[in-house]
Amino acid sequence: MATKTKKALVIAFDFPPRRTSAVYRNTNLTANLVRCGWKPTVVTVRQGLGGVEEPELLERLPPELRIERTGYLALKGWERTTAVAIRTAGALKSRYDEARQPWIDRWMRSAGNLLRSCLYFPDDTAGWIPFGVVRGAQLLLKERYDVIYSMSPPRSATVVGWLLKALFGIPWVLEFQDPWYPPERLLRRRFERWLQLLMLRRADSVIVMTEGHKKEFKQSFGVRDGKLAVIRNGFCEDDFTQEAITEPHLLPPGFVHLSHFGTIYPENSGCFFQALAELLREQPELEKKLRVNIIGDPNEDCEWGRYGGREELQSVIHRHGFVPHDAVRQLMRESHHLLIFWGRPGFSRLAIPGKTYDYLRIGRPILAVTHPGGIQQLVEEGEAGYVLNPDDVEAIKSVLRTVIAQHRNDWPPSPPKPEFVAQFRWDRLAEELAGVFERVSSDAH
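Going letter by letter, the sequence shown gives residues 2 to 446 in the numbering used here.
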């Protein structure tokens with residue numbers, strides 16, 4: 002007798018062709034669930050919302066995968082027109098980080114932050130919640146599903162999953178790709194904690210990316226160990242084995258290339274750029290040997306943007322804009338060292354950026370600016386590079402001297418411990434996820 006294919010209703014705001022930090026996990030896990038005997042139906046937002054899109058991601062999806070796209074109310078639409086009107090009237094001429102702002106600018110920014118805190122709950126994609134719930138309910142009324150699986154960020158997907166669980170009682174797997182870092186406003190912090198507590202109690206299983214996040218849920222919310230599962234981020238092995246590896250041609254030869262990929266979040270680079278500037282003042286000849294590539298970060302108003310204006314760094318820091326995913330892997334191979342800026346203690350303790358796993362698979366040495374936590378464990382267990390204390394300028398300078406003097410030009414690169422890295426293949430991680438689905442759906446019968 003043939004085994005019956007089980008069905009999963011997947012709630013994912015970020016899905017191809019949208020290109021976000023979450024979309025690669027959402028795409029690859031969902032696609033590989035089909036190979037594990039599950040038939041996913043994805044409820045997601047309609048196309049054409051703006052932002053970066055990568056249509057090639059749609060080609061990764063198997064034909065068996067069903068996608069249901071919904072409408073969306075963009076809550077942030079008022080911000081740009083309001084800001085233009087206020088500036089036209091003569092206010093908000095100062096920068097938000099200036100020490101001395103006119104009182105009217107301070108008041109308007111405080112009012113804007115308060116309005117955002119109230120309107121964007123649990124985040125600025127809250128306008129999708131009613132659309133996601135309605136479409137999910139329509140599907141659940143027409144067909145039988147064995148499990149609901151909500152993938153976040155953004156947070157709206159978790160609320161959609163929670164409401165569908167409350168309405169239909171179907172086993173719900175709740176996934177947090179990122180922790181909910183406490184906001185500054187006390188009232189908002191209490192509401193977010195209350196919402197998390199309600200969802201954690203209602204969920205049949207909770208998936209997180211790191212042991213640190215699992216420990217946080219156990220200690221702060223009392224979630225029992227058996228309800229929690231760690232399924233890490235990963236990489237698609239086919240991306241690395243099926244594409245043609247060409248000789249280096251994207252980065253200029255003759256330099257030691259340190260490359261960072263993706264957004265550099267505030268306060269995450271620690272003292273790296275300060276240490277780099279000091280090193281170049283002490284050894285100006287390194288200017289002709291070193292390049293720091295910032296690839297794919299659209300935000301110049303951050304640490305590298307401020308330091309990049311310094312005379313000693315202007316010729317060393319090179320910014321690259323949006324790069325297609327295939328070219329990203331080639332740039333990783335051509336780099337001599339791969340940078341991770343993850344210096345905020347909460348980030349270090351609870352989360353690991355998804356690019357870390359691509360870095361591990363590429364095999365170039367990693368320079369991780371981070372406190373003790375998940376990244377440190379991966380780098381050390383995989384013998385994959387250096388962990389730099391974000392607050393230790395002298396230690397960062399010392400490691401930079403070492404990597405500049407001892408860089409290797411082996412081609413193509415490969416991981417020092419392939420067997421360690423292989424556990425993060427998406428097909429293997431999807432098997433772990435399917436195991437969670439099997440458990441919660443069996444417990445429901």
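Every residue, glycine too, gets a C-beta built ideally from N, C-alpha and C.
A distance below 8 Å separates the beta carbons of THR71 and ARG47. With 16 or more other Cβ atoms inside 10 Å of its own Cβ, ALA369 counts as buried. LEU115 has its alpha-carbon roughly 15 Å from the corresponding atom of LEU76. The shortest C-alpha to C-alpha distance from LEU175 to any of ARG19, ARG191, VAL148 is the one to VAL148. Judged by DSSP secondary structure, PHE241 falls within the alpha helix (DSSP H) whose first and last residues are 238–242. Contact check for LEU10 against VAL35 fails: the beta carbons are separated by 8 Å or more.
Within its own chain, the residues whose Cβ lies closer than 6 Å to the Cβ of PRO155, once the five positions on either side in sequence are excluded, are PHE14, ASP124, THR126, listed in chain order. Residue burial annotation: PHE323 is exposed, with fewer than 16 other C-beta atoms found within 10 angstroms of its C-beta. Boundaries cannot be given for MET210, as no alpha helix (DSSP H) includes it and DSSP labels it neither H nor E. The C-beta distance from PHE222 to LEU201 rounds to 5 Å, short enough to meet the 8 Å contact threshold. Between the beta-carbon of ASN27 and that of PHE16 there is about 6 Å, and that keeps the pair under the 8 Å contact cut. For the pair TRP104 and ARG117, the Cα-to-Cα distance works out to about 20 Å. Between THR247 and GLN331, the CB-CB gap stays under 8 Å. SER316 sits in coil when the DSSP states are folded into three classes, being neither helix nor strand.
Check the Cα spacing between HIS372 and each of GLY271, LEU339, HIS319: the tightest is with GLY271.
Between ARG145 and LYS8, the C-beta spacing is below 8 Å. In this structure, TYR73 lies near LEU50, with their beta-carbon atoms less than 8 Å apart. When C-alpha distances from THR357 are compared across LEU199, VAL224, PRO416, ARG320, the shortest belongs to PRO416. The shortest CA-to-CA distance from GLY235 to any of GLN220, ILE363, LYS219, VAL257 is the one to ILE363. Ranked by Cα distance from LYS418, the options GLU382, PHE122, CYS37, ARG282 are led by GLU382. Shortest Cα-Cα distance from GLN284 to any of GLY255, LEU314, ASN294 involves LEU314.
Residue pairing for VAL46: DSSP places it in a beta bridge opposite THR71. Comparing alpha carbon positions, the residue from PRO184, GLY386, TRP173 closest to LEU434 is TRP173. Looking only at ALA385, ILE171, SER151, LYS215, the smallest Cα-Cα distance to LEU142 is reached by ILE171.
Within its own chain, the residues whose Cβ lies closer than 8 Å to the Cβ of SER336, once the five positions on either side in sequence are excluded, are LEU252, HIS258, LEU259, SER260, ASN294, ARG365, listed in chain order.
Annotation: ILE405 to ALA230 spans about 40 Å, alpha carbon to alpha carbon. In this structure, the beta-carbon distance from ASN269 to PHE192 does not fall below 8 Å. The DSSP-derived three-state label of HIS338 is strand.
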